[in-house]
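Enquirer:
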Amino acid sequence: MIKNTSMWKPARHVFCATLAASALAACSGYSCREPQVYQSARSVPALEVPEDLSEPEDETQLVIPRAAEDAPERDPEDPCLDQPPEYFEEEELS
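Positions 1169 to 1262 (the numbering used here) are the ones given, in order, by the sequence shown.
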């Protein structure tokens, strides 16, 4: 049986190009510099529970703390807080 490999070459090129484009797009998709969903969270009034029902436990509530008044402003060039710092120090080249 003779294999016709020329028939599969275009499909292989398309597959490889799609795979490479997907990998590149995945790496550039995250940015902590853009507004995040949690930043629009707001406090709401306490839940009003009817008398014939029991109140939920307070431990399950998510409390959003207020920012400290004396908190320093972050520079736009500062690293993202939710990403780990560099593990290895950069070596100076002489």
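Backbone N, C-alpha and C define an ideal beta-carbon position, used for all residues, glycine too.
When the distance is taken between beta carbons, is Glu1225 closer than 8 angstroms to Val1217?
Expert: Cβ atoms of Val1217 and Glu1225: not closer than 8 angstroms.
Enquirer: Would you kindly check if the distance between the Cβ of Cys1200 and the Cβ of Asp1238 is under 8 angstroms?
Expert: No; because the gap between Cβ atoms is not below 8 angstroms, this pair is not in contact.
Enquirer: What is the C-beta distance between Pro1247 and Pro1253, in whole angstroms, given that I count them as a contact (C-beta under 8 angstroms)?
Expert: Confirmed, Cβ separation roughly 7 angstroms.
Enquirer: Beta-carbon separation of Ala1209 and Ile1232 under 8 angstroms?
Expert: The answer is yes: Cβ separation under 8 angstroms.
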